[in-house]
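A.B. asks: Supplied in structure tokens, the structure appears directly below.
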Amino acid sequence: MSMSRRGFVGALAVGAGAFSSDTADAGTIEHFEGYPDRYGLLHDTTLCVGCRSCEVACAKVNALPKPKQKAGDLDIFESVRRTTTTAYTVVNRYQEADGETPPVYRKLQCMHCNEPCCAAVCLVHAFTKTPEGPILYDPEVCIGCRYCIMACPYYALAYDYDNPIDPQVLRCTMCYSRIRDGLNPGCADACPAGAITFGRRDDLLKVARDRIRKFPDRYINHVFGEYEFGGTSWLMLAGVPFRELDLHDGVTHESLPAIGTSYLSVVPLIVTIYPGLLAAFYAFTKRKDTLAKRELEAALAQAREDAQEEMKVGLSKAAEKAKKDKERAVETAVKKALAEQGEGGPS
Amino acid sequence: MSVATADGGRNGIFTPFNLVTGVILLGGAIILTIRFTTGLASTTNLSNTNPWGLWIGFDVMAGVALAAGGFVISSAVFLFGMKEYQSVVRPALLTGFLGYALVVLGLLADLGRPWRLPFPFIKQAGPTSPLFEVSLCVALYLTVLFIETTPAVFEWLGLKWWRQLVGKLTIVLTMFGLILSTMHQSTLGAMYMVTPTKLHPLWYSSQIPVQFFISAIAAGISMIIVEGWVSHSAFHHQAQISDEEFRNINFGLAKGGAVVLVTYLAVKVVALSLENEWRLLATSWGAWYLVELIGFVVAPCILFVVAYRERRLGLARLAAAMTVLGVVLNRFNVTFIAFNWQVPQEMRYAPAWTEVWVTVSLITFAVVVFRWVATRMPIMYDHPDYPALH
Amino acid sequence: MTAKYVALLVTGLVLIGTVPCAPAVAAESALRGIPPATVVMQFPEELGAMQRPAVEFDHAAHTEALKAEGCEKCHVVDDKGLTPALTSTLAVDGRNPLIDVYHDTCMGCHEQRVVDGLKAGPVTCGECHQKRAPGESERVAMAFDYSLHARHVLTYPEKCDTCHHVYDEVEKKLRYEKGKEEACRACHGAVDVEKNLSLANASHRQCIACHLDRAGQQLDGGPVECAGCHDAAKLGGIKQLEEIPRLVRGQPDSLWVKAPGATSAMVAFNHLSHEPREKFCTTCHHDRLRSCAECHGLTAVLDGGGVTMERAHHLESSDYSCAGCHRRATSGRDCAGCHDGVSLAGEQGACKVCHDGPRPSKEEPPPLQTGSPQVVELAELPAASDDFPEKVKIDVLANEYEASEMPHMKILAKLDAPIRASRLGRQFHGTVEAMCAGCHHHSPVGERPPRCAACHGPTAAATVDRPGLKVAYHRQCIGCHQRMGIDKQGCTDCHAEKEVTP
């Protein structure tokens, strides 16, 4: 989904949340079951014998270097491995053989989740969930932020840290091109024990439940990947609790994108409410300032008026006093004159 | 105003400060050259299990939080009318701008293909991603901060018309900055909501975005105190405010810091209750969580209150330093200490010395630029030709 | 002054760091084992909660210490002998009186022994009511199997009334009734119900009294100490008879399994041959020693626990049903290769193996002879031919490996031997070619089977959960080897690696 500059500016105005209209976001009541007829793979860990033919086949199909350790080399199981840039799938041993109990193995790879969090968190939309099931990666837009690797709950993604020019995010592709050509994924064809079955996900769920029903003592009564974090394309059956296979058992059925990006619905709210709110704060501040100024001016004016009044009163008092003084002076002078005249008389 | 002692001093350009920073920066440049020519593996301890390390944990996560002082103080002064803090606005904005520049530089070092940094905006957008929102907001906010620091530049260059133009934009830019900061500070935390199985439950919470935002405010306030502590002695000759006024500002900030830290504590406690995680406090991770919470949130909060009431600047500065360390510790915990907590020890991450050197050199670079700007431009003082901003 | 704050801070941080860690990881140790002879003195629920930890009473120590005085020192002895009841608590009821009695008796005795200069037990509260980690009793249940029963029978031949009795409701007393001997647990449950003692009390009263009696008469008797019956190691040391004589209680040798109202063919059941297979009658007769049909009829009734006759005999997961025991037999190493592989249940003709008798009618069916039904004898394995090849070359998928040369006849011979040796195997297989279905499944036996590739395509048919050809071969062969404990499970054990031409 590429955008022109105009589209970008338009998007800025509307807010990021508006673009998630294709996917089921928090707030709608609709539930997207997933693309119908999509493919999946069933990994029956009770059948896995740890021969690692799947690793060899995967390397061959993806033109990667062949795994150095051969099938009989059990030393490789001493440590728990993870996928790398040259090994898109690995098989680990999670329980050693114990008398009659056989060892327990599991194959790790990208689970091709129904609602992949790698796709949701990629800021350049480099991942696409295809209707057939596999998740595709576009190295042409990837900027190498590695948010997808950080987010993946299955630790399935690897990065080319050694490559300064063209580092890519590398992982199992569910042999997308082979599936499109009507072939099976390489690992499914290679497994001699039938621990990997490829088919339509709905069919595989029925098969898995059927196996549990037929052999209740052999399996834990749960198909891992049916609903965990929204469900995955890789379904697992096991005879031991899934926690012991390093799988997060008992997690919510809500998808990680729903959990992890639901917060973004707040963004348009902030963008729309804050301006008004902050303008209001600013207006209150200004109003307080204006009122304070007005009060000050009023107080000054009042003070000036009071001063004027005082002056007037003082002046009039002074005038009164002056008048009285003058009258007294005149009286005194008249009296004095009269007294002088009386003394002088007609003589 | 006088420029740095380059001209008069006997050492000329080889002052102790220049020598130390020069060595650090040179080392950083060499390491980055190796990184860009041979790939990330040669200069980092990053792995497929730990794709994000110190450069994201400090340069991006902590860097953004510590640069929050810009929006906090500019909002306080221009939107909420707290004019008594006018004199710390410019240093805070400069710190903010340089902080965000550091973030971008750190990103350029860390991205697999840094030349594709603008791709989310020009090639293909992934708007469902919290990181898309963060990058958009950070890009816009960096622009806002840049514009908000130009008044000092224009004053220095004597470009009156330009200076008046950007002066008129102050309110709008401040509002825009607060909006953007609210969004990206919290979304940086929201980035971790997609990893409930990988982040330890004591740090993972549906409240992470709120926690990140509030702690960023606390970090911003504290960084202003810390930056003021350093600048006030380095640029004392430039200061126009009295010591009394300076102290009042610090105590006001301390009061604010205490309130924010108490709020942050409340949010954290509510998050613990919401997910009913009390029994986790009795584990060793719980002890570490309590170290972060009590040692670096409650303790500085109390110290801020005491500092404010007793008017003791030293305590306020100590509390501010602790808050800064606490926020950095929190970001480290979320990014690589309490992240991947269930992964076996041999696959856990610890930063390589080259990563630490690069981070330190980026900080040094910011300090050097800050010093260069502050010695020449009216950051610590008001230019006499221009009335005080608003 | 700032230094003071810093010091306080550091101290605070150190405290915070250490205090939560201290109670943090409570070490999860294994439960403490309580020896078999230790009685945990716990109040019954109706007397309320205990205020102090329960006393763990070491019975063995007390019997040792009071050897001279004997059991009568504490226990009630009546005309029949020793009883589990205590003289001190007899007729004492209620919480506080009981507490007082225990305190007076125990502490009183201990204090007296101190006065007498003997080794004595605790007298203070905390020494008896010790706070301990949660514990688990090591006491195992007494297993009174055929061998032990036979040894008792040999001691008291024809004297079943020595131990067995029934309770006469009318006369309200115990009496013996021949032919109605049952296991003790048929009437004695977990707790005392008025005069009906619990299994523990009844066994102790019955067994230990007799053993004590014989010990008193210098005769060879059974254990009188707790550990003698309830210690796992000691139980394992109890002498087993080589030849266990048959426990005769009037049971038939062979009988018809039938039910009134049933319409399908009756099943001839050889009770005699089944008896030595288990150690207790109650393994099958899990409630009482009577016919299954008495409780499990055609319809579910309360007496039968809601289990119909069909379920009682056919449920493969049951511990008591015919099919359950037979199913468990096929999980043995010799059989699991085929039987625990692709499901064989429901194959045609399986019902006929048992339901081979006449259909129920108004007349009684003819009585069965001892030893019926006769177990079939299998024909000999056929010689190698085109239909039964000596070796089979599987080359249809040869790619990274060479073709596999399967030693067909060798495998057949190895599978055939234990079938032939087992009565169960012969009876249920019926014919020598039945075992072909173990590998050549979902196809008619005895004839030339279809090629594996006819049903197993190159890749798995996910909709019907049918594996592809490569997986089918591997799962069939390697699966069988795994179940039968055969070491040929590696790649090159069956097919050589192809030389890669450079």
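Protein chains in written order, with the numbering used here: chain A, 24 to 370; chain B, 1456 to 1845; chain C, 77 to 578.
The beta-carbon is built from N, C-alpha and C at its ideal position, and this holds for glycine as well.
Bear in mind the structure is a predicted one, so any value in this text is a computation, not a measurement.
Closer than 8 Å by beta-carbon distance: list the chain A residues that pair up with Thr-231(C), in chain order.
C.D. replies: Residue numbering aside, residue 231(C) sits at position 155 when the third sequence is read from its first letter. Result: empty, since nearest Cβ-Cβ is about 41 Å, beyond 8 Å.
A.B. asks: Output yes if chain B places a C-beta closer than 8 Å to the C-beta of Ala-36(A); else output no.
C.D. replies: Indexing the first sequence from 1 puts residue 36(A) at position 13. Low per-residue confidence applies at Ala-36(A): pLDDT is 39, beneath 50, and the placement is therefore not dependable, though the value from the model is reported in the following sentence. It does not: the Cβ of Ala-36(A) has no partner Cβ on chain B nearer than 8 Å.
A.B. asks: Closer than 8 Å is the cut-off here; do at least three beta carbon pairs connect the segment 1742 to 1762 of chain B with the segment 1705 to 1720 of chain B?
C.D. replies: With a cut-off of 8 Å, the segment 1705 to 1720 of chain B and the segment 1742 to 1762 of chain B count as touching, because enough Cβ pairs lie within range.
A.B. asks: Is the beta carbon of Gly-1881(B) less than 8 Å from the beta carbon of Trp-1743(B)?
C.D. replies: Because chain B here runs from 1456 to 1845, residue 1881(B) falls outside it and cannot be looked at.
A.B. asks: Could you give the distance in angstroms between the alpha-carbon of Glu-123(A) and the alpha-carbon of Cys-556(C)?
C.D. replies: Along the first sequence, one-based indexing puts residue 123(A) at 100. Along the third sequence, one-based indexing puts residue 556(C) at 480. Those two C-alpha atoms are separated by around 14 Å.
A.B. asks: Which residues of chain C have a Cβ atom closer than 9 Å to the Cβ of Cys-215(A), listed in chain order?
C.D. replies: In the first sequence, residue 215(A) corresponds to position 192, counting from 1. The question names Cys, but residue 215(A) is Pro in the sequence shown. Within 9 Å Cβ-Cβ: Lys-546, Val-547, Tyr-549, His-550, Arg-551, Ile-554, Cys-567.
A.B. asks: When the cut-off is 8 Å and only beta carbons count, does Phe-1472(B) lie next to chain A?
C.D. replies: As a position in the second sequence, residue 1472(B) is number 17, starting the count at 1. Phe-1472(B) does not count as touching chain A.
A.B. asks: My assumption, with CB atoms under 8 Å, is that Tyr-62(A) sits in contact with Arg-224(A). Please give the rounded CB distance.
C.D. replies: Here residue 62(A) is taken as the residue at index 39 of the first sequence, counted from 1. Here residue 224(A) is taken as the residue at index 201 of the first sequence, counted from 1. So it is a contact: roughly 6 Å between Cβ atoms.
A.B. asks: Does the CB of Ala-47(A) have a neighbour CB from chain C at under 8 Å?
C.D. replies: Within the first sequence, the letter at position 24 stands for residue 47(A). Bear in mind that a pLDDT of 45 at Ala-47(A), under 50, signals an unreliable position, so the model cannot answer this.
A.B. asks: Apart from the five residues just before and just after Ser-1641(B), which ones in its own chain have a Cβ nearer than 7 Å to its Cβ?
C.D. replies: Sequence index remark: in the second sequence, residue 1641(B) carries index 186 (1-based). Excluding sequence neighbours, Ser-1641(B) sits near Pro-1664, Val-1665, Phe-1667, Phe-1668.
A.B. asks: Kindly indicate which three-state DSSP category Asp-121(A) falls into: helix, strand or coil?
C.D. replies: Taking the first residue of the first sequence as 1, we reach residue 121(A) at position 98. Asp-121(A) falls in the strand class under three-state DSSP.
A.B. asks: Just to confirm, is the Cβ distance from Thr-106(A) to Val-114(A) under 8 Å?
C.D. replies: Within the first sequence, residue 106(A) is the residue found at index 83, counting from 1. Within the first sequence, residue 114(A) is the residue found at index 91, counting from 1. Not closer than 8 Å, so no.
A.B. asks: With the cut-off set at 8 Å, would you say Val-216(C) and Leu-107(C) are in Cβ contact?
C.D. replies: On the third sequence, position 140 is the one that residue 216(C) refers to. On the third sequence, position 31 is the one that residue 107(C) refers to. Their beta carbons are not under 8 Å apart, which means Val-216(C) does not touch Leu-107(C) by this criterion.
A.B. asks: Got a sec: is the Cβ-Cβ distance from Glu-104(C) to anything in chain A below 8 Å?
C.D. replies: What you label residue 104(C) is simply residue 28 of the third sequence in a count that begins at 1. Here Glu-104(C) scores only 48 on pLDDT, less than 50, and its place in the model should not be relied on; the value that follows carries that caveat. No, because no Cβ of chain A sits closer than 8 Å to the Cβ of Glu-104(C).
A.B. asks: Which whole-angstrom value describes the C-beta separation of Thr-1604(B) and Phe-1552(B), a residue pair presumed to lie in contact below a C-beta threshold of 8 Å?
C.D. replies: Position 149 of the second sequence, counted from the first residue, corresponds to residue 1604(B). Position 97 of the second sequence, counted from the first residue, corresponds to residue 1552(B). Indeed they touch by this definition, with Cβ atoms about 5 Å apart.
A.B. asks: Beta-carbon within less than 6 Å of Leu-123(C)'s beta-carbon, same chain only, minus the 5 sequence neighbours each way: which residues are those?
C.D. replies: Position 47 of the third sequence, counted from the first residue, corresponds to residue 123(C). Only Arg-171 meet the Cβ criterion.
A.B. asks: Counting only the same chain and skipping the five closest in sequence on each side, list residues whose C-beta sits under 6 Å from that of Pro-198(C).
C.D. replies: To locate residue 198(C), count along the third sequence from 1; it is residue 122. So the qualifying residues of the chain are Cys-204.
A.B. asks: Identify whether Asp-244(C) lies in helix, strand or coil by the three-state DSSP scheme.
C.D. replies: Your numbering for residue 244(C) matches position 168 in the third sequence. Asp-244(C): strand per DSSP, three-state reduction.
A.B. asks: Identify every residue that forms a DSSP beta bridge with His-1687(B).
C.D. replies: As a working note, residue 1687(B) is residue 232 in the second sequence. In the DSSP output, where bridge partners are listed per residue, His-1687(B) has none listed.
A.B. asks: Go ahead and pull the three-state DSSP assignment for Ala-98(C).
C.D. replies: As a working mapping, residue 98(C) is identified with position 22 in the third sequence. For Ala-98(C), the pLDDT reaches just 40, beneath the cut-off of 50, and the residue's location in the model is therefore unreliable, leaving the point undetermined.
A.B. asks: Do you know whose CA, among Val-229(C), Val-191(C), Ala-460(C), lies nearest Ile-320(C)'s CA?
C.D. replies: Here residue 320(C) is taken as the residue at index 244 of the third sequence, counted from 1. Measuring from the Cα of Ile-320(C), the nearest candidate turns out to be Val-229(C).
A.B. asks: Comparing the C-beta of Val-164(A) with each C-beta of chain B, is any distance below 8 Å?
C.D. replies: Along the first sequence, one-based indexing puts residue 164(A) at 141. Interface residue, yes.
A.B. asks: Exposed or buried, Glu-456(C), counting other C-beta atoms within 10 Å across all chains shown (16 or more means buried)?
C.D. replies: Counting from 1 along the third sequence, the entry for residue 456(C) is found at position 380. The residue in question, Glu-456(C), is exposed, as its Cβ has fewer than 16 Cβ neighbours within 10 Å.
A.B. asks: Does Ala-1762(B) come out as helix, strand or coil in the three-state DSSP assignment?
C.D. replies: Position 307 of the second sequence, counted from the first residue, corresponds to residue 1762(B). Correct three-state label for Ala-1762(B): helix.
A.B. asks: I'd like the list of long-range same chain contacts for Lys-469(C), defined as Cβ closer than 8 Å, with 5 residues on each side in sequence excluded.
C.D. replies: Here residue 469(C) refers to the residue found at position 393 when the third sequence is read from its first residue. Cβ neighbours of Lys-469(C) beyond the five flanking positions: Ala-479, Ser-480, Glu-481, Met-482.
A.B. asks: Run down chain C in chain order and give the residues with a C-beta less than 7 Å from the C-beta of Asn-207(A).
C.D. replies: Position 184 of the first sequence holds residue 207(A). Those are Thr-535, listed as they occur along chain C.
A.B. asks: DSSP on Phe-238(A), reduced to helix/strand/coil?
C.D. replies: Counted from its first residue, the first sequence places residue 238(A) at position 215. Coil, per DSSP.
A.B. asks: Gly-248(A) and Glu-277(A) - do their beta-carbons sit closer together than 8 Å?
C.D. replies: Residue 277(A) sits at position 254 when you count from the first residue of the first sequence. Residue 248(A) sits at position 225 when you count from the first residue of the first sequence. It is not a contact, given that the beta carbons lie outside the stated cut-off.
A.B. asks: Taking DSSP as the reference, what is the three-state secondary structure of Ser-1739(B)?
C.D. replies: Looking up residue 1739(B) in the second sequence gives position 284. Reduced to three states, the DSSP call for Ser-1739(B) is helix.
A.B. asks: For Leu-1628(B), which residues in the same chain have their Cβ closer than 7 Å to its Cβ, ignoring the five residues on either side in sequence?
C.D. replies: Stepping through the second sequence from its first residue, residue 1628(B) is reached at position 173. For Leu-1628(B), where only same-chain residues beyond five positions count, the Cβ hits under 7 Å are Val-1599, Ile-1602, Glu-1603.
A.B. asks: Short of 7 Å Cβ to Cβ, which residues in the segment 1566 to 1587 of chain B face chain A?
C.D. replies: Hits within the stretch, in order: Leu-1566, Gly-1567, Arg-1568, Arg-1571, Leu-1572, Phe-1574, Pro-1575, Phe-1576, Lys-1578, Gln-1579, Ala-1580, Gly-1581, Pro-1582, Thr-1583, Ser-1584, Pro-1585, Leu-1586, Phe-1587.
A.B. asks: Could you check whether the segment 406 to 414 of chain C touches the segment 359 to 367 of chain C, counting it as contact only if at least three pairs of C-beta atoms, one from each stretch, sit closer than 8 Å?
C.D. replies: These segments do not touch.
A.B. asks: Mind listing, in chain order, the continuous beta strand (DSSP E) runs of no fewer than 3 residues lying wholly within the segment 133 to 181 of chain C?
C.D. replies: Fully enclosed beta strand (DSSP E) runs of 3 or longer: 151 to 154, 157 to 162.
A.B. asks: Quick one: does Thr-1814(B) have its CB under 8 Å from some CB of chain A?
C.D. replies: The residue you call residue 1814(B) lines up with position 359 of the second sequence. Not one chain A Cβ lies under 8 Å of Thr-1814(B).
A.B. asks: By the 10 Å Cβ neighbour count, where 16 or more other Cβ atoms means buried, how is Cys-171(A) classified, buried or exposed?
C.D. replies: Here residue 171(A) refers to the residue found at position 148 when the first sequence is read from its first residue. Buried, since its Cβ has 16 or more Cβ neighbours within 10 Å.
A.B. asks: Where in the segment 176 to 228 of chain C do unbroken runs of the alpha helix (DSSP H), each at least 4 residues long, occur, reported from the N-terminal end onward?
C.D. replies: Within the segment 176 to 228 of chain C, the complete alpha helix (DSSP H) runs of at least 4 residues are 201 to 204.
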